[in-house]
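Trainee: In the order they appear, the protein sequences are chains A and B. Basically the numbering used here = 1-based index in the first sequence + 328. Basically the numbering used here = 1-based index in the second sequence + 328. Think of the CB as a built atom: it goes at the ideal place given N, C-alpha and C, for glycine as much as any other residue. All values derive from a computational prediction rather than experimental measurement.
2 protein chains.
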Amino acid sequence: MTDTALVIFTPSGKRGQVAIGTPVLAAARQLGVDLDSVCGGRGICSKCQVSPGFGDFPKHGVTATETALSEFNAVEARYDEKRGLKPGRRLGCQATIQGDVVIDVPPESQVHKQVVRKAAATREITMDPATRLYYVNVREPDMHEPTGDLQRLTEALIDEWELPGLTASPRLLAKLQTALRKGEWSVTVAVWQDHDKGTPALIDIWPGYFEGRLHGLAIDLGSTTIAAHLCDLRNGQVIASAGLMNPQIRFGEDLMSRVSYAMMNPGGATEMTKVVHEAMDTLARDLAEEASIPADQIVEAVVVCNPVMHHLLLGIDPVELGQAPFALATSDSVKTRAAEFGLSSINPDAQGYMLPCIAGHVGADCAAVALSEEPYKSDDLVLICDVGTNAEILLGTSEKVLACSSPTGPAFEGAQISSGQRAAPGAIERVEIDPITKEPCFRVIGCDLWSNEDGFDAATAATGITGICGSGIIEAVAELRIAGLMDAKGLIGSAEATGTNRAIPDGRTHAYVLYDGTTEGDSLITVTQGDIRAIQLAKSALYAGARLLMDELEIDHVDRVVLAGAFGAHISPKHAMVLGMIPDCSLDKVTSAGNAAGTGARIALCDISARARIETEVKRIEKIETAIEPRFQEHFVAANAIPHATAPFAELGKVVTLPDLSFNTGPGGETGRRRRRRA
Amino acid sequence: MTDTALVIFTPSGKRGQVAIGTPVLAAARQLGVDLDSVCGGRGICSKCQVSPGFGDFPKHGVTATETALSEFNAVEARYDEKRGLKPGRRLGCQATIQGDVVIDVPPESQVHKQVVRKAAATREITMDPATRLYYVNVREPDMHEPTGDLQRLTEALIDEWELPGLTASPRLLAKLQTALRKGEWSVTVAVWQDHDKGTPALIDIWPGYFEGRLHGLAIDLGSTTIAAHLCDLRNGQVIASAGLMNPQIRFGEDLMSRVSYAMMNPGGATEMTKVVHEAMDTLARDLAEEASIPADQIVEAVVVCNPVMHHLLLGIDPVELGQAPFALATSDSVKTRAAEFGLSSINPDAQGYMLPCIAGHVGADCAAVALSEEPYKSDDLVLICDVGTNAEILLGTSEKVLACSSPTGPAFEGAQISSGQRAAPGAIERVEIDPITKEPCFRVIGCDLWSNEDGFDAATAATGITGICGSGIIEAVAELRIAGLMDAKGLIGSAEATGTNRAIPDGRTHAYVLYDGTTEGDSLITVTQGDIRAIQLAKSALYAGARLLMDELEIDHVDRVVLAGAFGAHISPKHAMVLGMIPDCSLDKVTSAGNAAGTGARIALCDISARARIETEVKRIEKIETAIEPRFQEHFVAANAIPHATAPFAELGKVVTLPDLSFNTGPGGETGRRRRRRA
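(1) Just tell me which of A/Ile802, A/Ala869, A/Ala806 has its CA closest to the CA of A/Gly742.
(2) Return the CA-CA distance between A/Ala356 and A/Ala396, expressed in angstroms with no decimal places.
(3) In terms of residues, what are the limits of the beta strand (DSSP E) holding B/Pro833?
(4) Less than 8 Å between CB atoms is the rule here; does A/Leu485 satisfy it with respect to chain B?
(5) Determine the contact status of A/Leu813 and A/Ala831, defining contact as a CB-CB distance below 8 Å.
(6) Suppose you measure from the CA of A/Gly420 to the CA of B/Ala657; what does that come to, to the nearest Å?
(7) For B/Pro380, which three-state DSSP category applies?
(8) Let me confirm a value: A/His638 is counted as buried when at least 16 other C-beta atoms fall within 10 Å, else exposed. Which label applies?
(9) Cβ atoms of B/Gly427 and B/Thr393: under 8 Å apart, would you say?
(10) Based on Cα-Cα distance, which residue from B/Gln864, B/Leu730, B/Ser900, B/Ala862 lies nearest to B/Leu877?
(11) How would you call A/Asp707, buried or exposed, if buried means at least 16 neighbouring beta carbons within 10 angstroms?
(12) Check whether the Cβ of A/Phe784 lies closer than 8 Å to any Cβ atom in chain B.
(13) Between the alpha carbons of B/Ala862 and B/Asp548, how many angstroms are there, rounded?
(14) What does a CB cutoff of less than 6 Å around B/Ala978 pick up in its chain, not counting 5 residues either side in sequence?
(15) Is A/Gly643 close to chain B, meaning its C-beta is less than 8 Å from at least one C-beta of that chain?
(16) A/Ile644: beta carbon under 7 Å from a heavy atom of the ligand ADP?
(17) Do we get a CB-CB distance below 8 Å when we pair A/Gln679 with the residues of chain B?
(18) Residues of chain B with CB under 7 Å from A/Asp470, in chain order?
(19) On the DSSP bridge assignment, give the partners of B/Met837 in chain order.
(20) Since B/Gln505 sits in a beta bridge, which residues does DSSP pair it with?
(21) My output table needs one value for A/Lys951: the three-state DSSP class, helix, strand or coil.
(22) Let me check understanding here. Comparing Cα to Cα, which of A/Pro434, A/Gly360, A/Asp362, A/Val366 lies closest to A/Gly381?
(23) If we define contact as Cβ-Cβ less than 8 Å, is A/Ala502 a contact residue for chain B?
(24) Is the shortest distance between the beta-carbon of A/Glu668 and the beta-carbons of chain B less than 8 Å?
(25) Buried or exposed for A/Pro339, going by 16 or more other Cβ atoms inside 10 Å?
(26) Taking just the CA atoms, how far does B/Ile567 sit from A/Arg613?
(27) What residues are listed by DSSP as bridge partners for B/Pro535?
(28) Nearest chain A C-beta to B/Ile956 closer than 8 Å, yes or no?
(29) How many Å lie between B/Thr482 and A/Leu808 at the Cα?
(30) Name the DSSP bridge partner or partners of A/Thr459?
(31) Using 10 angstroms around the beta-carbon of B/Glu953, count the other beta-carbons present and answer buried if the total reaches 16, otherwise exposed.
(32) Taking the alpha-carbon of B/Lys917 as reference, which of B/Val906, B/Ala786, B/Arg941, B/Val886 has the nearest alpha-carbon?
(33) With three or more beta-carbon pairs closer than 8 Å as the criterion, would you say the region 469 to 485 of chain B touches the region 679 to 694 of chain A?
(34) When the distance is taken between beta carbons, is A/Leu699 closer than 8 Å to A/Ala892?
(35) Per DSSP, A/Ala816 forms a beta bridge with which residues?
(36) Applying the criterion that 16 or more other CB atoms from any shown protein chain within 10 Å of the CB defines a buried residue, is B/Ser868 buried or exposed?
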């Protein structure tokens, strides 16, 4: 019998000799294997469960006998009786090594668990949150060695977890004494330590072993909507999501109107900060309620947003962002108490983090997109467009990444469109127009059927057909072009010229009737010349931004395009390319990243090394300022046309050849709002 | 002509060769000479004024010609014209070295200025405050290199002042942008950096060169009174002082009654925290008003107090301090925002510091006394008694220091005394009783005359004679003993036994009439048997504490005694020793340190190295817990007698021999309150 034994951990493959009698948990630590433990090896938390393998392992060159681990002990038996241990499982802190053995660490026992994102891409998030739970035994006070409770807790965290120092707010000092005594000198603490590995901070404390979980908020604070995910900080799972309109809309729909509001109204910025703080807190409360967790178990918040929202959230007057040189108050990441984000209902000691900004017009939201999509790791040339009220555009490869922001306006979000509405049940989101009959069919949010399919009317009876959302208007305009109802300049032909009475006069121009529900008391949904103009302006801005970056890299073709943004997720690549929103590219190379900014926020919430990474990468990204670049204007004007009537379809095997119509119409004029709602 | 010249700075005597053309300020920095500068050498702040000396300096072995410094330049001329430069003075940043020279740095140009304390002792405070002003030029924003204003400010502080990193609260981020633009990219910032040399924090910012000064509060938060000094952080001068009654008195006069209040009343601790916070803030506002400074120029607060007040100030339930093992929530120093001390009217980013506690009964106030009196540096054996509602006692030498706390009760502060009052105009503070005639004479606060001197009545007409304060009652009781009116057990003899009709019956015992103003509508001020009993209890507690420490060191004699505490400052050493308050010691070795706790707070406010020092020293101090030490009770009982009728006077050459009277009286009984006030 030797004094040591060979231990091989799977799936990591890490192996080494350990002394006979070493607990599996200690062996894992010696060999650098990720094996979780909250209670520090006291048989309480069960996070260190392992599955030992016995028998021959030719691959590993080892044979493990049944006696390679110590026998099931009393602690394990009690745990099994109380909470149940899966067959074959052992507690790593109880079982000791007695001979050569192969030990599998199941995914739920790995500290750095891999979480597969639910969206199309299979991006993995490493779990390494800033705030974690630690269970400790604290030395009892001794009158003859009068150290404070905090000092003895700190001592225990150093001894048992190698966490240096510890700061605690007066609120927690007040809580500390009760918790220690109620837990009979055993407590579970939530401790925050950021990626700079500075002094850890106590976030909360519970007597004994705390059964609950810690949660964090990943918040994408947009100009128009605020979206938040409530995440479990143990495994990164999103346990509830919610969205709210940004209440600042009443001060101005786009960012520049809010900056103007702040400039024109003393106290205006403060007012806008107040309402967004209220909304943030409402969202947090709603999420906690939905997930049935106490709000004080939310201990972290990561916020991504554009620079104007960034300033307004922090209570900084955004006026400097409204004029060259667009100086940010701070460009680095912001670390502060989450209460400074207005989150006053969550844990009072919760920490807040905002990703760094890239430039005065390119914010933490763009940094979050970069963190999620990683252009700086890309082998091929990728163009990433985060489409919203402003489009954030990234272009580059692992060698160099450029970024800019382009003021697309709210048209892509269904605003400033005659029948526009935000993406909600009842909104038309997909459109096809038959190029022969010129008749449309469409789908509405909340129903999987197309409008020409049986059962559509019944399925949509509850919501009605209420308007058209961002992705719907893009498809409608593109389909008008494909169906030969509209020319390259964006003019809709008359009923005579197009051969369909869906083309109706609208002032001095024409509109296309997508849906006429007026007889059933529903809406009349049309695409007007004004709508097309709004879309043309928006898509020209997006395209011009992308072109500007391409000029800078001296290229005229990108390898792939990623469309991001809550709305970008729903854009049909085909229609986007017909419209000329994005540069030409193989259609199968255009993908959607969903809400990449939100994903970036989640990554930063779950993994502090990602925070360190993006803080470094952001400094390498080169910023191009569209507002002062003459070529941006040139590209913008040149991009006004809607170029493709056919081209992209070749790839889809759906070639339709149409004459290049040219209509005689007067100059495009704005039309009144036509949308009517059900009574 | 050589390329370098010899420069000698006085008073430091530092000398060295510097290149011809080096500005005096730069030369001072090269040679490690303390020469102040806020503007970083731009001729704005004038803090770097020097007095060059010309002629022969045989002591230094150098001859300085008139041309050893460059000529008076335009910047100096402008400064002289605008604000006046004393004759012979030069601006160190403008004058350059041209030849061998001796340069004197006047005290006001030294960074580490020495401040002589105003009290008797000549303790010096080194000026090295945590928060200082820095004047910087910040790079303008550049659209093509889009860093935030905070990042460019940080860069300037690194370049010009070698201050690494910088954190700023959202409030200051909001202020930053306006200040930078208003100051045309020159600003003065207040930056806090503590003795651990961690990340500096921005405290405030002003456009251009800020003419104002930074201030700090040194607060001695006692059980009965709160005393605060407003200090100029440039030179340590106290520019205003104020005191308030601690409003917690209504929840209990002594600490243990407040602890009981917290135990018996849910929310009681919170209530007590609220009222003390309000009082702290009132005091801060009053001081700012008195000194005519904006309250936001108060950027630091140092608080010293006993452990119960420490907990109640921070909102921590003090219940653990009411029972063994008297565990503190935290024993280390507390660094937090001053707002956590209730100081909500001063600068919102002001930092707060509380000195470390020594033990559950020996608080930051005792640490402050140690910092002020430095027993840990003493060559001889020193006993330091900080006398208040509790007495904090330190005993030791540079080799070893012991500490304990003793519950003297409020008698020494004039409370629980029949004619007692707090030290205020009208209160009797000094007493003498003629041993022959048994007639008293006394002095009252606010009048320098004794009561038997001409003009006393007129001088005290305004205040009246309203009662007797702590030092007065001690002298009265001691004088009663010396004059043979009272025996060693503390019993006052009858008129018959003592031969004076000032001894009047008072229930079953006797009282001594110190002052009868009833015919003029003034008070009747007596010393009753109950008063003597209260003083006996208090002095026994103090003496027993001191003895306990002496036992621990196995000594029966101390080399010197320091009496501290706002009231300790007024105790007459002679009378204290007659009473047996303190162990026997040469009378000339008994000194008063004034409010040493308050002085310690001022030192910690002005000098961060003192914070580091006391944090280290406190760990070396050995704590003795009186509450559980049986010998404390023994000493307490044994100390009840009032031993000396004559002994100490031998040293003063004022020997009076008196018979050891023994009165026939019944057991001592409490008497009603006799004090009457003027109508």
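Mentor: From the atom records:
(1) A/Ile802
(2) Looking at the two C-alpha atoms, the distance is approximately 16 Å.
(3) 831 to 834
(4) no
(5) Inclusion of A/Leu813 and A/Ala831 in the CB contact set at 8 Å is warranted, their separation being smaller than that value.
(6) Approximately 35 Å, taken between the alpha carbons.
(7) Under the three-state reduction of DSSP output, B/Pro380 falls in the strand class.
(8) Classification for A/His638: buried.
(9) Closer than 8 Å, so yes.
(10) Among B/Gln864, B/Leu730, B/Ser900, B/Ala862, the Cα nearest to that of B/Leu877 is on B/Leu730.
(11) exposed
(12) By this cut-off, A/Phe784 is not an interface position.
(13) 26 Å
(14) Only weak support exists for where B/Ala978 lies, its pLDDT of 37 falling under 50; the coordinates are left without a value.
(15) For A/Gly643, the answer is yes, since a Cβ of chain B falls inside 8 Å of its Cβ.
(16) The ligand ADP is absent from the structure shown, which contains no ligands of any kind.
(17) For A/Gln679, the closest Cβ of chain B is not nearer than 8 Å.
(18) Pro653
(19) Strictly speaking, residue 837 of chain B in this sequence is Thr, with Met absent from that position. B/Thr837 is bridged to B/Asp834.
(20) Note: B/Gln505 sits in no beta bridge, so no partner.
(21) strand
(22) Closest in C-alpha terms to A/Gly381, from the list A/Pro434, A/Gly360, A/Asp362, A/Val366, comes A/Pro434.
(23) yes
(24) yes
(25) exposed
(26) 49 Å
(27) B/Val515
(28) yes
(29) 55 Å
(30) In DSSP, A/Thr459 forms a bridge with A/Trp520.
(31) buried
(32) B/Val886
(33) Under the three-pair Cβ rule at 8 Å, the region 469 to 485 of chain B counts as touching the region 679 to 694 of chain A.
(34) The Cβ-Cβ distance between A/Ala892 and A/Leu699 does not fall below 8 Å.
(35) Answer is none; A/Ala816 lacks a bridge partner.
(36) buried
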